[in-house]
Structure formats: structure tokens, C-alpha cells
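K.L.:
This is the structure, below, for whatever I ask next.
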Amino acid sequence: MGADTQKESIIIAIKQKIRLLNVIAAFIVVTLLAVIFRYLYKPAGDVLSFLPDISITLVITFVVFLTIISFYMWSVVARQIISTIEKYRNRIDQILSITKDLREEKYADILLNKIMEYSLSITRSDSGSILLLENNNLVFKAVKGERSTELLSKIIPQGQGIAGWVAQRGTPLRIADVRKDERFNEDIDAITRNQTKSALCVPLIIQSGVIGVIELLNGKGNFYSQRDEEIITYLADQAAISFTRARFYEDQKNYEMYITDILLDAIDYHIPEKKEHSKRVAIYSNIMAKAINMSEENRKRLYFACLLHDVGFLKIQNKDFSKREYIERHPVIGSEMISQINFYADIAPFILYHHERYDGFGYPEKLIGEAIPLEARIISIADAFDVMLSTISYKAPIDFDSAIEELKMNAGTQFDFRLVEEFVNNITPEQIPRISSF
Ligand SMILES: [Fe+2]
Ligand SMILES: [Fe+2]
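So in the numbering used here, spot 128 of the sequence shown is number 131, and the numbers just go up one at a time.
Below is the structure:
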């Protein structure tokens, strides 16, 4: 809506200038016709006889003079039109780059501060705030001005101040002198201790309604134009969409963390002797991932895969833990459980293949070498290393050096030799978390 109104006002400005050009052109034509009829075309001369008799030289001089003046005026107006279009294009470019930046921001807090900064710089305001609706009250979420620390997180009861008025009605408000406006509230709206004069406040609206407001004070020259209102309204529309998306993203991350924690607790509860095993596997895997310069995004994915690599045990009863045919099903069961959850789906293969061997004698699919996903090859080493150091009912723990030797002995057969090398070169006894069982 904002962009449309802005486009309209630019079109009106250009139309006005074109109209002026038409008036100039019409004036020249009428004047020339009058000169021709009066001095050169005798039959019509009588009608224009009130014009004095003058020599043809003077007529020509007059026509030349008129033509020069009109060319000059044409070029002035044309230049004005071009500069209006250029200004409009620059503004559009600026808005597009701001919109892109806002759209790409994932974190709600950073996003709010960006919206604040952009709004202030576009309107050259000296202070401003973003307030969001929480339980029907407005809360200061981003504040720029002298009272920023005092106001941040402050709650405003519904309907109070300029911000409250805008939030309640969902329409923008532009005030030239707030002291003369009864909606202005010193406690709420005066973000700066310098005298506040002009104010511009626009609502942040999404489909379900108003979610907050952007309030700006003391714009450039202590004045907000119609164009300021239009551009901030457009920015607010984009900001509201981006903010909703960022919140959704944060909610999902929160959900992922809690689901993972719940599953981890369930695994530890189900197999108490392997308590914290998954977290240690994550630590060892990360050492290898860093050593081979794995990207941060892939390391994060690997981290979740490590935490959940043995999740399949949840569907195997304790009494069957000693039976090989049951044990060997846990990667398949685990990957099937995980692949149903969208945000875990891409780690399912790492869980499925974490017991494959580099030489092809592992399970469940007997994949060989590089056919086993890199992440699964990493988990396999970390997993074996942790099992060696831990006390588990069927075996006694071995010390750090012996475990390293064991890994080296199996490099190229059970494990990817390159990854074993990276691991043994980068792991130190200090990096081993305290294991309650040894
Ligand atoms: Fe496993
Ligand atoms: Fe494991």
C-alpha cells in the first residue's frame, strides 16, 4: 500500500510538470499564430487590429526571442522531471536493499534494531522507538534517544500516548507540534529530553492485526512530510512480515532444542550405563569436523546427529540389549524415527550409517569407504573412542593412550584412516569430559 501511494505522488508530480510544458508549448503556438495573422495574413488582420503596426524585423526578433525563452523553459522542466525520476529510483533502490536486509535477518532482536536504525536514517529523526503488543500492552523493544535505557522494556497501558493511539486504531499519525496535541504523553512519548516537537508514528500490521508501532520524533527540520509517512508505512509493512518470520524461526529453534533435550534424557534414562555418551560423541566429532574445516552449518547438523545417533535404542527393550540381532537394528530404527521430523530429516542418513565400517563389514548396509556419509564416518570414530574409555557392563575401560593406539590400528579397516589421523592429532587427554563411570 505504501509503495503504491508513493508511486502515485511521484506520478502526480511528473504530471504537473508535463502540464506546465504543455502550457508553455500552447503559449508559443498562440503567440506565433497571433503574430502571423496580425502582420502577415491580411484578411484576419482586422480582428487583431488592436495590436500596433510594427516592422517585420521586429516581428522576427520577437519570434526568435520567444523561441529561445521557450527552449530554455523546456530544458529546465525536462531536467526537473529527470531529477524527480532519479530521486524516486534512488529511493526505490534504498527500500529494496533495506527490504532484502530485513528479510534475511533471522533474529528478532537484531531485526528490531535494524528497523529502528533504518527508520531514523531515512527520516533523519533524532530519536525513536519500536513498541510491541504483549498481553494488550505496548512494550518498548528498541529505543534510540537519551532515555533509551530507562524506557527499554517499559510497559505502556493500552491506548496511552501517541503510540497507544496508533496501536489501537491501526492508522499512522503525523503531528507537527506535539505540545499542542492532547494525545502526546510526556512519560511515554518523550524519548529525548530535548524538546520534542514533531512526531511520526506508524503501526506494524500483519494479517491478524496490529503487533506494535514505530514511533519517530523530531524529523529532519523538525517536520515529517507526507512522503516520510508513506515510506515509513511501507518499511513498517516489510518489518512486520520479517519480524513475524524471525519470531517463527526462533520458536522453531527453541522447539528443536527442547525436543532434542527430551530425547537425550529419554536415551540416558533408558540406558543408564551410557549416560552422557551422546554428548561426548558430539565433542569428539566436533574435533574432527573442525580439523577438516567443516562449515559451521554442517557442524551444527553433525552436532544434532551425534546427540541422537543412538535414539533407536528407545524402541529396543533392555532385555534385548545383549542380543546382536536387536542391537544391530538401532541405526535403522533411529533414522526412521528422526526422518519423520522435518527439521531432523537431513541427519537421518548419519544416524543410519554410524555403524558402517570403512572396509564394508559394518551394518546395516555394508557400505564401503566414501560411500558412507562423511558425518557417519566421523560419528563412528567418536562413538568407538568413547566406548573404549567408558565402563560398560560387558567391558572394562582402557586408558587414553591405548584408545588412541586402538584407533590407529583400525584406521583403514574399521575407520576412515584420514579422519583417524585428524582425530589423534587434535585430541588431548584434557579434552576428555569427566565420565562418571571412570
Ligand atoms: Fe550406535
Ligand atoms: Fe553410540
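Just so it is clear, CB atoms sit at the ideal spot from N, CA and C, and this is done for glycine as well.
Between the beta-carbon of Ile235 and the beta-carbon of Ser122, is there less than 8 Å?
P.N.:
yes
K.L.:
Around ligand 2, what residues have a beta-carbon under 5 Å from a heavy atom of it, in chain order?
P.N.:
Asp313 and Asp386
K.L.:
By a C-beta neighbour count over all protein chains shown, 10 Å radius and 16 as the cutoff for buried, is Ser211 buried or exposed?
P.N.:
Ser211 is exposed by the Cβ-count criterion.
K.L.:
Mind checking whether the beta-carbon of His358 lies closer than 7 Å to any heavy atom of ligand 1?
P.N.:
yes
K.L.:
Do Leu311 and Leu355 have their C-beta atoms within less than 8 Å of each other?
P.N.:
No. Outside cutoff.
K.L.:
So the candidates are Glu218, Lys277, Phe226 and Phe346; which of them puts its Cα closest to the Cα of Tyr258?
P.N.:
Phe346
K.L.:
Please find out if some non-hydrogen atom of ligand 1 comes closer than 7 Å to the beta-carbon of His333.
P.N.:
yes
K.L.:
Is the separation between the beta-carbon of Phe307 and that of Ile350 shorter than 8 Å?
P.N.:
In this structure, Phe307 lies near Ile350, with their beta-carbon atoms less than 8 Å apart.
K.L.:
Which one or two residues does DSSP pair with Glu232 in a beta bridge?
P.N.:
None; Glu232 has no bridge partner.
K.L.:
To which residues of the same chain is Ala193 closer than 6 Å at the C-beta, ignoring the five residues directly before and after it?
P.N.:
Thr199
K.L.:
Take Ala385 and list the residues in its own chain whose beta-carbon comes closer than 6 Å to its own, dropping the five residues that flank it on each side.
P.N.:
Val284, Tyr287 and Ser288.
K.L.:
Between the Cα of Pro275 and those of Thr394, Leu203, Thr195 and Gln229, spot the shortest distance and give me the residue it belongs to.
P.N.:
Thr394
K.L.:
From Gly167 to Gly131, what distance separates their C-alpha atoms?
P.N.:
15 Å
K.L.:
Extract the residue ranges of the beta strand (DSSP E) inside the segment 173-223, only unbroken runs of 3 or more that lie entirely within it.
P.N.:
The segment 173-223 contains these whole beta strand (DSSP E) runs: 176-178, 202-209 and 212-220.
K.L.:
With burial defined as no fewer than 16 other Cβ atoms inside 10 Å of the residue's Cβ, what is the status of Ser128: buried or exposed?
P.N.:
Around the beta carbon of Ser128, 16 or more other beta carbons lie within 10 angstroms, which makes this residue buried.
K.L.:
Run through DSSP, which three-state label would Glu359 get?
P.N.:
coil
K.L.:
Could you tell me whether the Cβ atoms of Val142 and Ile165 are closer together than 8 Å?
P.N.:
no
K.L.:
Closer than 8 Å is the cut-off here; do at least three beta carbon pairs connect the segment 419-437 with the segment 291-298?
P.N.:
yes
K.L.:
Beta carbon of Ile217, beta carbon of Ile133: below 8 Å?
P.N.:
yes
K.L.:
Are the CB atoms of Glu378 and Leu305 within a distance shorter than 8 Å?
P.N.:
yes
K.L.:
In the structure shown, what three-state DSSP assignment does Asn465 receive?
P.N.:
Examination of residue 465 is not possible in this model, given that the chain is present from 4 through 441 alone.
K.L.:
Report yes or no: do the segment 106-125 and the segment 216-232 share at least 3 C-beta pairs separated by less than 8 Å?
P.N.:
Below 8 Å, enough C-beta pairs join the segment 106-125 and the segment 216-232 to call them touching: three or more.
K.L.:
Are the Cβ atoms of Gly315 and Arg332 separated by less than 8 Å?
P.N.:
yes
K.L.:
Jot down the residue ranges of each uninterrupted alpha helix (DSSP H) in the segment 259-335, minimum 4 residues, whole runs only, in chain order.
P.N.:
List check, alpha helix (DSSP H) in window: 280-294, 299-310 and 327-330.
K.L.:
Within the present structure, is the beta-carbon of Thr263 separated from the nearest heavy atom of ligand 4 by less than 7 Å?
P.N.:
The model on display carries ligand 1 and ligand 2 but not ligand 4.
K.L.:
What residue does the alpha helix (DSSP H) around Lys109 start on, and which one ends it?
P.N.:
Here Lys109 belongs to no alpha helix (DSSP H), and DSSP marks it neither H nor E.
K.L.:
Report the CB separation of Asn188 from Ser201 in whole angstroms; it is logged as a contact under 8 Å.
P.N.:
Not really, about 16 Å apart at Cβ, beyond 8 Å.
K.L.:
Beta-carbon within less than 7 Å of Ala242's beta-carbon, same chain only, minus the 5 sequence neighbours each way: which residues are those?
P.N.:
Leu105, Ile118 and Leu207
K.L.:
Quick check: the Cα distance between Glu233 and Arg92, rounded to an integer number of angstroms?
P.N.:
The straight-line gap separating the alpha-carbon atoms of Glu233 and Arg92 is approximately 15 Å.
K.L.:
Excluding sequence positions up to five away, which residues of its chain have a Cβ less than 6 Å from the Cβ of Lys398?
P.N.:
none
K.L.:
Give the straight-line distance between the Cα atoms of Pro436 and Thr247, rounded to the nearest whole angstrom.
P.N.:
Their backbone Cα atoms lie some 40 Å apart in a straight line.
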